[in-house]
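Residue numbers (my numbering): 354 to 808.
Even glycine gets a Cβ: it sits at the ideal position worked out from N, Cα and C.
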Amino acid sequence: MKIAKFGGTSLANAEQIKKVCDIVLADPERKVVVVSAPGKRYKEDTKVTDLLIACAMKFMQDGEAEEQLEAVIQRYREIAQDLELGAEIVTVIAEDLYQRMTSNYSNTDQYLDLMKAAGEDNSAKIVAEYLKSLGVEAEYVHPKDAGFIVSSEFGNAQILPEAYQNLQKLRERQGIVIFPGFFGYSTEGTIATFSRGGSDITGAILAAALAADLYENFTDVDSVFSANPQVIDNPAEIKELTYREMRELAYAGFSVFHEEALIPAFKAKIPVCVKNTNNPTAPGTMIVSERESGYIPVVGIASNDRFCSIYVSKFLMNREIGFGRKLLQILEEEGLSYEHTPSGIDNISVILRDDQMDAVTEKIVVERIQKELEVDDVMVVHNLALIMIVGEGMRRAIGVASRATKALAAANVNIDMINQGSSEVSMMFGVRANEEEKALKAIYREFFMLSEVAH
Ligand code: ASP
Numbered sequence: 354m355k356i357a358k359f360g361g362t363s364l365a366n367a368e369q370i371k372k373v374c375d376i377v378l379a380d381p382e383r384k385v386v387v388v389s390a391p392g393k394r395y396k397e398d399t400k401v402t403d404l405l406i407a408c409a410m411k412f413m414q415d416g417e418a419e420e421q422l423e424a425v426i427q428r429y430r431e432i433a434q435d436l437e438l439g440a441e442i443v444t445v446i447a448e449d450l451y452q453r454m455t456s457n458y459s460n461t462d463q464y465l466d467l468m469k470a471a472g473e474d475n476s477a478k479i480v481a482e483y484l485k486s487l488g489v490e491a492e493y494v495h496p497k498d499a500g501f502i503v504s505s506e507f508g509n510a511q512i513l514p515e516a517y518q519n520l521q522k523l524r525e526r527q528g529i530v531i532f533p534g535f536f537g538y539s540t541e542g543t544i545a546t547f548s549r550g551g552s553d554i555t556g557a558i559l560a561a562a563l564a565a566d567l568y569e570n571f572t573d574v575d576s577v578f579s580a581n582p583q584v585i586d587n588p589a590e591i592k593e594l595t596y597r598e599m600r601e602l603a604y605a606g607f608s609v610f611h612e613e614a615l616i617p618a619f620k621a622k623i624p625v626c627v628k629n630t631n632n633p634t635a636p637g638t639m640i641v642s643e644r645e646s647g648y649i650p651v652v653g654i655a656s657n658d659r660f661c662s663i664y665v666s667k668f669l670m671n672r673e674i675g676f677g678r679k680l681l682q683i684l685e686e687e688g689l690s691y692e693h694t695p696s697g698i699d700n701i702s703v704i705l706r707d708d709q710m711d712a713v714t715e716k717i718v719v720e721r722i723q724k725e726l727e728v729d730d731v732m733v734v735h736n737l738a739l740i741m742i743v744g745e746g747m748r749r750a751i752g753v754a755s756r757a758t759k760a761l762a763a764a765n766v767n768i769d770m771i772n773q774g775s776s777e778v779s780m781m782f783g784v785r786a787n788e789e790e791k792a793l794k795a796i797y798r799e800f801f802m803l804s805e806v807a808h
């Protein structure tokens, strides 16, 4: 049995929905289908989820949002008409949207989630209706009826353990189950969504709960690429990845598959296959526990330029018991989450996500470190990019770091920081954000273009 999840571009219009249904019907093992909200039809288009957010914001501000609501209804109306579904389903959707919009919005986050969830919920209704119109036994299943229980952390819900048991009952359903992604219900009965892009998480949870043989994640690219195609021309396709490799790549910017969706798949050891709705016969990328294919040390290179670093130096830091703890405690007390802590003898850097470090926070943190830790120097460096080289094969390969640093030196890129995690699945280089692209190109060239020839 397979769980097939389809992303927003796969549901963007009637033509795409027909492709989705063809894919589903081509394999009788595709028993549970998870859908996103209609996404972008073309580059400048707006996703239905974003239309819904705009509608909710306008309603909260002005007590009316007719135009914004109509924009959402129109997306569904067009799809329903092009699928020749008749007017009834559009009425059902329009009423559902109106009811949500005019609900109590005293809790802004809760109200926003109620609105956001409408995107996938109505998408699922349409897909089920279309399959039925083709004479297929298909059923839209409401997450509440299936016991898809989540915490009430609005916009960042977490699945509750008891949901897994509830969801097992889906196996007993006849026909194809069409399940909306992205949201669940709290035990108090309110809707709560996962973080953005969270339909991937729904699919992974269902795959784990139902012990599926495979979780297929259909998107709009043929595979996971070894580097960002917006920076590297025609990057190599990755045929097979381990969960850990995918996790590391996702961390530094690969957005093909939601980071959190890896957890349920990994725990239940369900293989994931990333495939293209627009080219379903392409093999896609398999994400598995163990990678067998080949022994290349590096499978992918990712980068993210949204980091900053707090550099702290103090003579004899290495002898001062508790220094690290006190430093991290200051960050904890200021509500900052840190990422890495590369250190030297008399110095330590703490790397954080830059968006946490506004001017006010920076001032407080720097002052506290100066005063409470009596350091010689403390300095915050913004616009730091992390380049990550990822691959399980690195553990066995000698010279990966040397090749990477040589490539960066040849490209005249200064390395601010080097960090190799203890797992040896990845190696990280901190460079200035304005050198990120140059660094990425140099490293890609070294590991993917020259490797066969020179090594
Ligand atoms: N529609 C939601 C979003 O845009 C969730 C998803 O597509 O996975 O974030």
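* Asked: In whole angstroms, what is the alpha-carbon distance linking Ala564 and Phe610?
  -> Locating residue 564 in the sequence shown gives position 211, counting from the first residue. Locating residue 610 in the sequence shown gives position 257, counting from the first residue. Going from the Cα of Ala564 to the Cα of Phe610 covers about 20 Å.
* Closest residue to Gly697 among Arg721, Leu705, Tyr664, Pro533 (Cα-Cα distance) -> Looking up residue 697 in the sequence shown gives position 344. Closest by alpha carbon: Tyr664.
* To do: Give a single yes or no on whether Lys372 has its beta carbon closer than 8 Å to a heavy atom of the ligand ASP.
  => As a working mapping, residue 372 is identified with position 19 in the sequence shown. Result no, Cβ not under 8 Å from the ligand ASP.
* Asked: Would you report the Cα separation of Val806 and Glu598, rounded to the nearest angstrom?
  -> Indexing the sequence shown from 1 puts residue 806 at position 453. Indexing the sequence shown from 1 puts residue 598 at position 245. Only weak support exists for where Val806 lies, its pLDDT of 40 falling under 50; the coordinates are left without a value.
* Asked: Since Ala407 contacts Gly361 with CB under 8 Å, what's their CB separation in whole angstroms?
  -> To locate residue 407, count along the sequence shown from 1; it is residue 54. To locate residue 361, count along the sequence shown from 1; it is residue 8. The Cβ separation is near 16 Å, so there is no contact.
* To do: Taking 8 Å as the threshold, find out whether the segment 515-527 comes into contact with the segment 550-563 through three or more Cβ pairs.
  => Contact between the segment 515-527 and the segment 550-563 is present, because at least three Cβ pairs lie under 8 Å.
* Ser456 CB to nearest heavy atom of the ligand HEM below 8 Å -> Absent from the structure shown: the ligand HEM. Ligands present: the ligand ASP.
* Anyone know if the C-beta pair for Ile531 and Glu492 falls short of 9 Å? -> Position 178 of the sequence shown, counted from the start, is the residue given in the question as residue 531. Position 139 of the sequence shown, counted from the start, is the residue given in the question as residue 492. Yes, Cβ-Cβ distance for Ile531 and Glu492 is below 9 Å.
* Which one of Ala409, Glu420, Ala618 has the shortest CA to CA distance from Ser813? -> The structure shown does not extend to residue 813, since the chain is modelled only from 354 to 808, so the question has no answer here.
* Asked: Whose C-alpha, out of Cys661, Val718, Phe676, is nearest the C-alpha of Glu692?
  -> Within the sequence shown, the letter at position 339 stands for residue 692. Closest by alpha carbon: Cys661.
* Using a threshold of 9 Å, state whether the C-beta atoms of Asn570 and Val489 are closer than that. => Within the sequence shown, numbered from 1, the residue matching residue 570 stands at position 217. Within the sequence shown, numbered from 1, the residue matching residue 489 stands at position 136. In this structure, Val489 does not lie closer than 9 Å to Asn570 by Cβ.
* Should the segment 571-590 be regarded as contacting the segment 784-799, the criterion being three or more beta carbon pairs within less than 8 Å? -> Flag = yes, the segment 571-590 and the segment 784-799 touch.
* Asked: How many Å lie between Pro636 and Leu567 at the Cα?
  -> If you number the sequence shown from 1, residue 636 lands on position 283. If you number the sequence shown from 1, residue 567 lands on position 214. If you take the alpha carbons of Pro636 and Leu567, they lie about 14 Å apart.
* Which residue's Cα is closest to the Cα of Asp403: Lys372, Ile446, Ile370, Asp466? -> Against the sequence shown, residue 403 aligns to sequence position 50. Selected option, being the one with the closest Cα: Asp466.
* Asked: Does the distance from the CB of Ser642 to the CB of Phe607 come in under 9 Å?
  -> Position 289 of the sequence shown, counted from the start, is the residue given in the question as residue 642. Position 254 of the sequence shown, counted from the start, is the residue given in the question as residue 607. No, these two residues do not count as a Cβ contact at 9 Å.
* To do: Leaving aside the five residues before and after Gly528 along the sequence, list all residues of the same chain whose C-beta is less than 6 Å from its C-beta, in chain order.
  => Taking the first residue of the sequence shown as position 1, residue 528 is located at position 175. The answer, listed in chain order, is Glu490, Ala491, Glu492.
* **Nonlocal neighbours in the same chain, by C-beta distance under 7 Å from Asp474, ignoring five residues either side** => By 1-based counting over the sequence shown, the position of residue 474 is 121. Once the five neighbours on either side are set aside, the close Cβ partners of Asp474 are Pro533.
* Asked: Which whole-angstrom value describes the C-beta separation of Leu737 and Gly783, a residue pair presumed to lie in contact below a C-beta threshold of 8 Å?
  -> Position 384 of the sequence shown, counted from the first residue, corresponds to residue 737. Position 430 of the sequence shown, counted from the first residue, corresponds to residue 783. Between Gly783 and Leu737 the Cβ distance is about 5 Å, and since that is below 8 Å, they are a contact.
* To do: Out of Ala481, Tyr538, Ala499, Pro496, state which residue places its alpha-carbon closest to the alpha-carbon of Asn509.
  => Here the question's residue 509 lines up with position 156 in the sequence shown. Here the closest residue by C-alpha is Tyr538.
* Under the three-state DSSP convention, the category Gln773 falls into -> As a first step, residue 773 must be located in the sequence shown, where it is residue number 420. If DSSP states are grouped into helix, strand and coil, Gln773 belongs with the strands.
* Asked: What does DSSP give as the partner residues of Asn570 in its beta bridges?
  -> Along the sequence shown, read from residue 1 onward, the residue named residue 570 stands at position 217. Answer is Lys358, Val627.
* To do: Give the DSSP bridge partners of Leu594, in chain order.
  => Stepping through the sequence shown from its first residue, residue 594 is reached at position 241. Answer is Ile640, bridged to Leu594.
* Cβ atoms of Arg600 and His745: under 9 Å apart, would you say? -> Locating residue 745 in the sequence shown gives position 392, counting from the first residue. Locating residue 600 in the sequence shown gives position 247, counting from the first residue. Note on identity: in this sequence residue 745 is Glu, with His being the wrong assignment. Cβ atoms of Glu745 and Arg600: not closer than 9 Å.
* Asked: When you compare only the Cα positions, how much space is there between Ile768 and Glu715?
  -> If you number the sequence shown from 1, residue 768 lands on position 415. If you number the sequence shown from 1, residue 715 lands on position 362. Going by the C-alpha atoms only, they are around 24 Å apart.
* To do: Check the C-beta distance from Gly653 over to Leu615 and give it rounded, since I have them as a contact under 8 Å.
  => Taking the sequence shown and counting its residues from 1, one reaches residue 653 at position 300. Taking the sequence shown and counting its residues from 1, one reaches residue 615 at position 262. Not confirmed; about 15 Å, so no contact.
* Check whether the Cβ of Thr402 lies closer than 8 Å to any heavy atom of the ligand ASP, and answer yes or no. => Reading the sequence shown from its first residue, position 49 is the one you call residue 402. Correct: Thr402 has its Cβ closer than 8 Å to the ligand ASP.
* Enumerate in chain order the residues of its own chain whose CB-to-CB distance from Ala433 is below 7 Å, with the five nearest sequence positions on each side excluded. => Residue mapping note: residue 433 aligns to position 80 of the sequence shown, counting from 1. Once the five neighbours on either side are set aside, the close Cβ partners of Ala433 are Ile442, Val443, Ile479.
* To do: Whole angstroms is fine: what's the gap from Gln418's alpha carbon to Asp398's?
  => Numbered from 1 along the sequence shown, position 65 holds the residue referred to as residue 418. Numbered from 1 along the sequence shown, position 45 holds the residue referred to as residue 398. At residue 418 the sequence reads Ala, which differs from the Gln that was named. Approximately 20 Å, taken between the alpha carbons.
* Asked: Looking only at its own chain, which residues have a Cβ that is under 6 Å from the Cβ of Phe412, when we skip the five neighbours before and after it?
  -> Along the sequence shown, one-based indexing puts residue 412 at 59. Closer than 6 Å at Cβ, skipping near neighbours: Ala418, Met454.
* **Cβ-based neighbour list, Ile446, same chain, cut-off 6 Å, excluding 5 preceding and 5 following** => Taking the first residue of the sequence shown as position 1, residue 446 is located at position 93. Correct list, in chain order: Tyr429, Asn475.
* To do: Going by CA-CA distance only, name the one from Ile704, Asp449, Val651, Ser755 that's closest to Leu739.
  => If you number the sequence shown from 1, residue 739 lands on position 386. Distances from the CA of Leu739 to each of Ile704, Asp449, Val651, Ser755 were compared; the closest alpha carbon is that of Ile704.
* Asked: Is Gly472 near the ligand ASP, in the sense that its beta carbon is under 8 Å from a heavy atom of that ligand?
  -> Residue numbering aside, residue 472 sits at position 119 when the sequence shown is read from its first letter. Yes, the beta carbon of Gly472 sits closer than 8 Å to at least one heavy atom of the ligand ASP.
* Throw me the rounded Cβ distance for the Ile544 and Ala470 pair, which I believe falls under 8 Å. => For the purposes of this step, residue 544 is identified with residue 191 of the sequence shown, where counting begins at 1. For the purposes of this step, residue 470 is identified with residue 117 of the sequence shown, where counting begins at 1. Yes, Ile544 and Ala470 are in contact; Cβ-Cβ is about 5 Å, under 8 Å.
* Beta-carbon separation of Asp575 and Asn632 under 9 Å? -> Reading the sequence shown from its first residue, position 222 is the one you call residue 575. Reading the sequence shown from its first residue, position 279 is the one you call residue 632. Contact flag set, yes.
* In DSSP terms, what Asn657 is bridged to -> The residue given as residue 657 occupies position 304 in the sequence shown. Leu739.
* Measure the alpha-carbon distance for Glu799 versus Val627 and round it to whole angstroms. => Here residue 799 refers to the residue found at position 446 when the sequence shown is read from its first residue. Here residue 627 refers to the residue found at position 274 when the sequence shown is read from its first residue. Roughly 26 Å separates the two Cα atoms.
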